[in-house]
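One structure is given below, encoded as structure tokens.
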Amino acid sequence: MESIAESRAVSENVNQTFSESLTFGQVLADKIAAFGGSWSFIALFFSFIIGWMVVNTVWLIGDTAFDPYPFILLNLGLSSLAAFQAPIIMMSQNRQTAKDRLEQKATYEINLKLELELMRLHEKVDVLLKEISNG
Numbered sequence: 560m561e562s563i564a565e566s567r568a569v570s571e572n573v574n575q576t577f578s579e580s581l582t583f584g585q586v587l588a589d590k591i592a593a594f595g596g597s598w599s600f601i602a603l604f605f606s607f608i609i610g611w612m613v614v615n616t617v618w619l620i621g622d623t624a625f626d627p628y629p630f631i632l633l634n635l636g637l638s639s640l641a642a643f644q645a646p647i648i649m650m651s652q653n654r655q656t657a658k659d660r661l662e663q664k665a666t667y668e669i670n671l672k673l674e675l676e677l678m679r680l681h682e683k684v685d686v687l688l689k690e691i692s693n694g
């Protein structure tokens with residue numbers, strides 16, 4: 560209502576406004592989540608796991624293997640990665656949800672202003688039509 564009375568725009572770049580309010584930790588979490596959910600991460604991690612298994616079964620035989628089958632150290636590393644990666648991805652998803660809410664609110668405000676402006680225009684057209692028909 561105020562924006563109509565003041566003839567000012569209500570649209571804004573929600574992405575820019577939201578990005579400017581992020582802390583360093585939030586930006587870092589978003590980058591980690593983006594990489595952790597990519598094919599690059601899957602390929603890199605799959606290569607790492609295969610490499611780990613090859614090194615500990617083929618190249619390092621017997622007592623020289625630092626993590627022999629059943630790869631308990633590898634399993635611990637995978638569990639630790641999952642334990643840290645899951646909350647980071649969830650933080651990023653929660654932030655995306657908050658951003659989506661801001662976008663929906665901005666869209667609602669724009670739609671509401673447009674609707675009110677259309678109602679004002681209809682009133683003006685009605686007045687003009689009434690004057691034309693009387694005149």
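Just remember that the numbering used here sits 559 ahead of the position in the sequence shown, which is counted from 1.
Built from N, CA and C at the ideal position, the CB exists for glycine as well.
Computed from a prediction, not measured in an experiment: that's the story for all the values here.
Assign ASN574 to one of three DSSP states: helix, strand, or coil.
helix
Sequence-distant residues of its chain with Cβ nearer than 8 Å to LEU581 (five each side left out)
ASP589 and ARG654
Near PRO627, which residues of its chain fall below 7 Å by C-beta distance, leaving aside the five closest residues on each side in sequence?
ASN615
Give the DSSP-derived three-state secondary structure of ASP626 in the structure shown.
coil
Just the C-alpha distance for ALA592 and SER651, rounded to the nearest angstrom, thanks.
7 Å
Best match in SER692, GLU668, THR666 and ASP659 for proximity to SER578 [C-alpha to C-alpha]
ASP659
ASN572 to ALA665 span [Cα, whole Å]:
9 Å
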